[in-house]
Amino acid sequence: MAKILIVDDAKFMRMTLSDILIRNNHEIVGEAENGREAIALFHERQPDLVTMDITMPEMSGLEAMKEIRQNYPQAKVIMCSAMGQQRMVVEAIEAGAKDFIVKPFDEGRVIEAVNRVLT
1 MAKILIVDDA KFMRMTLSDI LIRNNHEIVG EAENGREAIA LFHERQPDLV
51 TMDITMPEMS GLEAMKEIRQ NYPQAKVIMC SAMGQQRMVV EAIEAGAKDF
101 IVKPFDEGRV IEAVNRVLT
């Protein structure tokens, strides 16, 4: 069972991911709705994995991931993006994201990505 931090500005998306992960025996240690909250929660809870939305108000997922990885190089982050954000996904992978999942979420793909990143 992995401890996972879910970061997305849309509550519905956080709930959807949370449901998928809990059904597959993972523990949700926190939820954040922007990059600043994500950094604070990561520091506080030290999750095994973060699912991070790319586009959020205040601070993007890309900026938040870069800052988290600066302080915690071992941090494992899976980026979440809507269709049509390929350029940002490439940038995220180059900046250290371990994988990405596309919205709307497909349960099989989410679990496949999570399992691959955690092993």
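Residue numbers for the sequence shown follow full-length UniProt numbering, beginning at 1 and rising by one. We put the CB at the ideal spot given by N, CA and C, even for glycine.
When DSSP states are grouped into helix, strand and coil, residue 56 belongs to the coil group. Here residue 61 is buried: its Cβ has 16 or more other Cβ atoms, across all protein chains shown, within 10 Å. In the structure shown, the three-state DSSP call for residue 31 is strand. Residue 45 and residue 51 have their C-alpha atoms some 14 Å from each other. In terms of Cα proximity to residue 101, the closest of 83, 2, 15 is 83. Residue environment analysis places residue 26 among the buried positions, since at least 16 neighbouring C-beta atoms fall within 10 angstroms of its C-beta.
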